[in-house]
Amino acid sequence: MNNVVIVGATSAMAEAVAQRYAEDKANLFLLARNQEKLDIIRQDLLVRGANSVHQASFSANEIESQPQCVDQIFDTLGTVDVFLIAYGSLPDQDLCQKDVNKAVEEINTNGVSVVSLLTLVANKMETQATGNITVITSVAGDRGRQSNYVYGAAKGMVSTFLQGLAQRMHKSNIHVLDIKPGFVDTPMTAEFKKSALWAQPEQVAKLIYNRINKKSNFSYAPSFWFAIMSIIKSVPKFIFNKVSL
Amino acid sequence: MDKLTSWGQYPYVHADVKTPSKEELPVLEFKSYIPRGLGRSYGDSALASAVVTSKKLKHFIAFDKDKGLLTCDAGVSLDEILRIFVPQGWFLQVTPGTKFVSVGGAIASDVHGKNHHIDGCFSEFVQSITLVINNQEVQCSREVNSELFYATCGGMGLTGMIVNATIQLRKVKSAYIKQKTIKTNNLKDTLAVFEEHQSSTYSVAWIDCLSDGAEFGRSLVMLGEHAEQGSLEVHQSGKLTIPCNLPSQLLNKYSIQSFNFLYYHRIRNRETNDFLHYDPFFYPLDGINNWNRMYGKNGFTQYQFVIPKEAGYEGLSEILKAIVSSKQGSFLAVLKIFGKENNSPLSFPMEGFTLALDFKISDSLFPFLNKLDDIVKKYKGRLYLAKDARMSESTFKTGYPRWEQFQKVRDNYGTLESYNSLQSKRIGL
Ligand SMILES: Cc1cc2nc3c(=O)[nH]c(=O)nc-3n(C[C@H](O)[C@H](O)[C@H](O)COP(=O)(O)OP(=O)(O)OC[C@H]3O[C@@H](n4cnc5c(N)ncnc54)[C@H](O)[C@@H]3O)c2cc1C
Ligand SMILES: NC(=O)c1ccc[n+]([C@@H]2O[C@H](COP(=O)([O-])OP(=O)(O)OC[C@H]3O[C@@H](n4cnc5c(N)ncnc54)[C@H](OP(=O)(O)O)[C@@H]3O)[C@@H](O)[C@H]2O)c1
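Protein chains in written order, with my numbering: chain A, 14 to 258; chain B, 14 to 442.
Next comes the structure, spelled out in C-alpha cells:
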C-alpha cells in the first residue's frame, strides 16, 4: 500500500489511519478544506516516516471542481493503492427539519458529493485494475431514526451505492470497503456524553487499516455494532415508531 | 464536572476538565487552571478544580535526522516517541520508569532516570520550550527567557501550559540492553557496589525493605549499557490489565514480604549478566496496565526522597530502619544515586541518594510519613513533588530553598494567579 489518498484528512479517524500508512513509509495525498490543520498533519506524518505527503484543498460543497481534483491526484501519484473518503458532517436534526436548505445541504455534503467523487475515482481505478476504495459511512445509514435521519439517509445512500460499486469493481480487482462506525470519540461528537459503547478513533483506524490489508468486506467498526444494528434493523415498525431512538 | 485523580488514586477532586486543540488553547475561559499530561504523577500535582489536558497536543513537528533533535507537541507520550524513533536508531536521553508520560509532564517534573549520575535530568536534553501563558505564546530556552526556561523545567505546570518542545534524542545501535545484576548482602555492600560501578550508564537498586539484622538493606543492583548488537525492534503494547480495584487486603505485609523474598531469591549468583530489550529494563511495570489498582480503592502514595551524599550510609539507614520497623513498606523500594543538582529551582535531584517506596493509604500512614519527613529534613534532603500528595508547606520550603526564586519568575511572567494545583496551594506556592 504505497500510494494512499485521504479525502477529509483532518478527520480524527482519517488522521489515525494516515499515521499507520506513514509508519509504512507510504506516499500520502491528503485533501481537506482547512489547510492550516493539514499543514500540521503533514509535518507530523513526515516525522512519523511518510515517504512523501502531498496536500490539496477539498470542499464537499464544490462538486464542480472534483474532476480536476481527481486528475491532479492520479497525475501526482501515478497509481493509487488506497483511496479513503472520510469526511462527513453531523447536522443538527432539528435544524434540518425546520430549514429545507439545510437538509439538502447535508444530503449533498454526506451523500451526493461522495457519490460524485466515487464515480470519478472508480473510473480511474478501474483502468488500474488494482487498489482499494474505502468510505467511512455510518451505522446511522442502516435504519432511519428520528434523531438523525437526514444524516442517516445520506450515509445510507452512499452505503447502497458502495454495494453496487463493490460488485462492479470486483471484476477489475478493486476492493471496495464500506466502513460503518458506531459511536467514536472525535471532534464531531465532542458534545455527546460518552459511555462504554464509545470507541477511540485510533481503534477504528486500526480496524480500517487491517480490513484494507486483508481485503475484508466487513463494515461495522468496532465489530460489535453488527449485533446492535441487527437488532435495531429487526425491530418491527409498529414498535420502532413508538420508541425514541 | 469530572471526578479526577492521578496514578496513586489519592486524592480525588471534582474538576472542570478541558481538552482544547492548539487553536482553542489561547482562548480558554479559565481564570486559573493546572495543565495535565497523562496523569502519571502519583499525587495532586496535576489536580485542581480546573484542569487543561494536553491530550489534543499530539503532533510531531520536526525531526533533524542528523542531530537527533525532535520538536513535538507537549501531549506526545514517550511511548509514542519510542515507537516511532527506536526503529530509526534513536532512544530517549533520559526516561522515567514508565513510558506513559507526556513530554510536557516529563519537562514539568524534570524527570530523572537510571542514568542521572551520568547524564542528569530530562531538562538537560530540552533545547527549547513553547508555553502558552495567559493566552499568549512565549518561547524560552537557555538563551531566550532563560529564567522562565529553568523555572518551567521542574515547575510542575505552575509557569503556564507547555505546548511544544525541542528535545535531543540518543543515538543507539540496538533496542537491547546489556544488564548486570549484582546481589548484595546488606546496605553497606549495596552502596559499595554503586561506588564501584559509578561509570555504568544506568544503575538502580531494588532494596528488600523488610529484611533486617545482618541482611538489612540487601539489594539487587542492576546496571545497564545500551548494547551494540541486536535489532532495533520496538516494544509491544501492554498485555495484562488489572480491570478494577483489588481488595486492598491483598496487599498486606505478608504478600509484600513474599514478593520481596521471591524477587531477591530469583537471582542465585552474586553476579548475573543478561541481554534484554529496553522495555523490561526501563519499564518493568508497563506490561501490566493499571497496576495501580492493585492497591485497592483507598489508593496509595509513593514516598520518594533524596538526601545529600554527605548524609550517606547513616542517613539512609536511619530512614530505612524506620520503614523496616513500621512494617508498612512496599514491594517497590528503589534506590538510586543522583549526580549534581541543576539550574532549575524546583528540580528534585541533588547529589546524593534517592529512595522511592509505595505505601498503601491508611489511617496510620500520614503520621508515619511525617516522622520520615523529619529525618529527611534533618539530613537536608527533600521530597519529589511528582510523587507527593501530602507534604507540608514547611517541609517543601526547607527542602527547596530556591522556591522564592521560582516565585519571582512566576511573578515576572504573571503566572502566580493563573496556574495552580491542589499541591501548589498546599505547599504555599
Ligand atoms: C510507574 C511510574 C514510574 C515512574 N518513574 C519515574 C522515574 O523513574 N523518574 C521520575 O522522575 N519520575 C517517575 N515517575 C513520575 C512521572 O514521570 C512524572 O509524574 C511525570 O510528570 C508524569 O507525566 P504526565 O504526563 O503523566 O504528567 P501529569 O501527571 O499529568 O502531570 C504532572 C505534572 O506535570 C505538569 N504538566 C503536565 N503536562 C504539562 C504541560 N503540557 N504543561 C505544563 N505542565 C504540565 C502538571 O501540571 C503536573 O504538575 C513515575 C511514574 C509512574 C507512574
Ligand atoms: N464520530 C462518530 O461517532 C462517527 C460515527 C459514524 C460515522 N462517522 C463518520 O466518520 C467520518 C469521520 O468523522 P470523525 O468522527 O473523524 O469526525 P471529525 O474528526 O469531526 O471529522 C470530520 C471531517 O469532515 C470534514 N468535513 C466536514 N464537512 C466538510 C465539507 N463540507 N467539506 C469537506 N470536509 C468536510 C471535516 O473537515 P474540517 O476539519 O475542515 O472541519 C473533518 O475533516 C465522517 O464521515 C463521519 O460522518 C463518525
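Just so you know, even glycine gets a beta-carbon here, dropped at the ideal spot from N, CA and C. Treat the numbers as computed from the prediction; the structure is a model and nothing was measured.
Check your understanding: Is the Cβ-Cβ distance between B:Leu348 and B:Leu368 less than 8 angstroms?
Key -> A contact, by the Cβ cut-off of 8 angstroms.
Review point. If you pair each beta-carbon of the region 391-399 of chain B with each one of the region 356-373 of chain B, do three or more pairs fall below 8 angstroms?
Key: yes
Review point. CB B:Thr66 to CB B:Arg53, shorter than 8 angstroms?
Key: no
**Study point:** Same chain, Cβ closer than 8 angstroms to A:Ile225, five either side skipped, listed in chain order
**Key:** Met14, Val95, Asn145, Thr147, His188 and Leu190
Review point. Can you tell me whether DSSP reads A:His183 as helix, strand or coil?
Key: helix
Point to revise | A:Asn121 versus A:Ala153 - alpha carbon distance | key: Taking the Cα positions, A:Asn121 is about 16 angstroms away from A:Ala153.
Exercise for review: Reducing DSSP to helix, strand and coil, say where B:Val89 ends up.
Suggested key: Looking at B:Val89 - three-state DSSP - the assignment turns out to be coil, as it is neither helix nor strand.
Exercise for review: Determine contact between the region 74-86 of chain B and the region 418-437 of chain B, defined as no fewer than three beta-carbon pairs at a distance below 8 angstroms.
Suggested key: no
Check your understanding: If you measure from the CB of B:Met307, is any heavy atom of ligand 1 nearer than 7 angstroms?
Key -> no
Check your understanding: B:His72 versus chain A: which residues are under 8 angstroms apart at the beta carbon?
Key -> Ile53, Ile54, Gln56 and Asp57
Check your understanding: B:Trp103 lies in the beta strand (DSSP E); which residues open and close that run?
Key -> Trp103 to Leu105
Point to revise | Option nearest B:Gln181 by Cα separation, candidates B:Lys69, B:Thr285, B:Ser141 and B:Glu160 | key: B:Ser141
Check your understanding: Apart from the five residues just before and just after B:Val145, which ones in its own chain have a Cβ nearer than 7 angstroms to its Cβ?
Key -> Leu38, Pro39, Gly173, Met174 and Val176
**Study point:** Heavy atom of ligand 1 within 7 angstroms of B:Met174 beta-carbon
**Key:** Yes, Cβ of B:Met174 sits closer than 7 angstroms to a heavy atom of ligand 1.
Practice item. On the DSSP bridge assignment, give the partners of A:Gln56 in chain order. Key: Answer by DSSP bridge pairing: none, since A:Gln56 is not bridged.
Check your understanding: Beta-carbon of A:Arg61 versus every beta-carbon of chain B: anything under 8 angstroms?
Key -> Taking Cβ atoms only, chain B reaches closer than 8 angstroms to A:Arg61, which makes this a yes.
Review point. Apart from the five residues just before and just after B:Ala402, which ones in its own chain have a Cβ nearer than 7 angstroms to its Cβ?
Key: Gly21, Tyr23, Pro24, Tyr55, Gly56, Asp57 and Thr314
Point to revise | Run of the alpha helix (DSSP H) containing B:Leu329, from where it starts to where it stops | key: Gly325 to Ser339
Review point. What number of angstroms, rounded off, separates the C-alpha of B:Glu137 from the C-alpha of A:Ser229?
Key: 49 angstroms
Point to revise | Coil, strand or helix - B:Thr367 by DSSP | key: It is a strand residue.
Review point. Name the residues in the region 118-150 of chain B whose C-beta lies less than 7 angstroms from a C-beta of chain A; which are they?
Key: Taking 7 angstroms as the upper bound on Cβ-Cβ separation, chain A lies near no residue of the region 118-150 of chain B.
Check your understanding: Taking the DSSP output, what are the residues bridged to A:Asn40?
Key -> A:Asn16 and A:Ser65, per the DSSP bridge assignment.
Review point. So what's B:His27 in DSSP terms, helix, strand or just coil?
Key: strand
**Study point:** Contacts that B:Ala75 makes with chain A (C-beta to C-beta distance below 8 angstroms)
**Key:** Gln56 and Val60
Practice item. Pull up the distance between the alpha-carbon of A:Ser243 and that of A:Gly21, whole angstroms please. Key: 29 angstroms
Point to revise | CB contact flag (B:Gly230, B:Asn199, <8 angstroms) | key: Their beta carbons are under 8 angstroms apart, which means B:Gly230 touches B:Asn199 by this criterion.
Review point. B:Leu60 to B:Glu93, Cα distance in whole Å?
Key: 24 angstroms
Check your understanding: For B:Ile5, which residues in chain A fall below 8 angstroms Cβ to Cβ?
Key -> Absent from the model: residue 5 of chain B. The displayed extent of chain B is 14 to 442, so no value can be given.
Exercise for review: Measure the alpha-carbon distance for B:Ile120 versus B:Ala178 and round it to whole angstroms.
Suggested key: 9 angstroms
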